[in-house]
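Below is one structure; the comments refer to it alone.
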Amino acid sequence: MNALKKFLGILWMLLGPVIIIFLFMQASEKIGLAAEGIARTNTTLQWSIIILIFIPICAGLVIFGYYGWKGEYDKLPRTSADL
């Protein structure tokens with residue numbers, strides 16, 4: 001089970017930056033396809049909000065993955081009495 005936690009930790013650490021890169025690629029594509037004027041402004045605003053929301057989520061994924069990879073979750077208590 002600990003090997004699975006370490007593998008998934010690496011997966012989460014890789015997934016965070018990949019999601020951000022994917023979001024930036026999608027945003028640039030959608031903003032480029034939007035019509036000039038107010039439509040482009042609205043699209044830019046929407047994608048800016050989406051990216052600003054997902055950056056901390058992806059940073060949390062990387063941190064969670066780092067702790068999983070380093071083995072911080074290997075010695076979890078089974079009951080509250082073990083704390």
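Letter by letter, the sequence shown follows residues 1 to 83 of UniProt numbering.
Where a beta carbon is used, it is the ideal one built from N, C-alpha and C, also for glycine.
Since the structure is predicted, the reported quantities are computational estimates derived from the model, not experimental observations.
Pick helix, strand or coil for residue i, following the three-state DSSP scheme.
| i | result |
| --- | --- |
| Tyr67 | helix |
| Leu76 | coil |
| Leu52 | helix |
| Met1 | coil |
| Leu83 | coil |
Report the residue from the options whose alpha carbon sits nearest the alpha carbon of residue i.
| i | options | result |
| --- | --- | --- |
| Thr43 | Ile55, Glu29, Ile53 and Phe54 | Glu29 |
| Gln46 | Cys58, Phe24, Lys70 and Pro77 | Phe24 |
| Ala3 | Ile31, Cys58, Trp69 and Pro77 | Trp69 |
| Phe7 | Gly71, Ile31, Gly60 and Ile57 | Gly71 |
Which first and last residues belong to the alpha helix (DSSP H) in which residue i is found?
| i | result |
| --- | --- |
| Gly37 | Element bounds for Gly37: n/a, residue is neither H nor E. |
Exercise for the section: Taking 8 Å as the threshold, find out whether the region 4–16 comes into contact with the region 56–67 through three or more Cβ pairs. Expected result: yes
Exercise for the section: Would you check if there are 3 or more beta carbon pairs closer than 8 Å linking the region 71–83 to the region 32–51? Expected result: no
Practice task
Report yes or no: do the region 48–57 and the region 1–12 share at least 3 C-beta pairs separated by less than 8 Å?
Solution key: no
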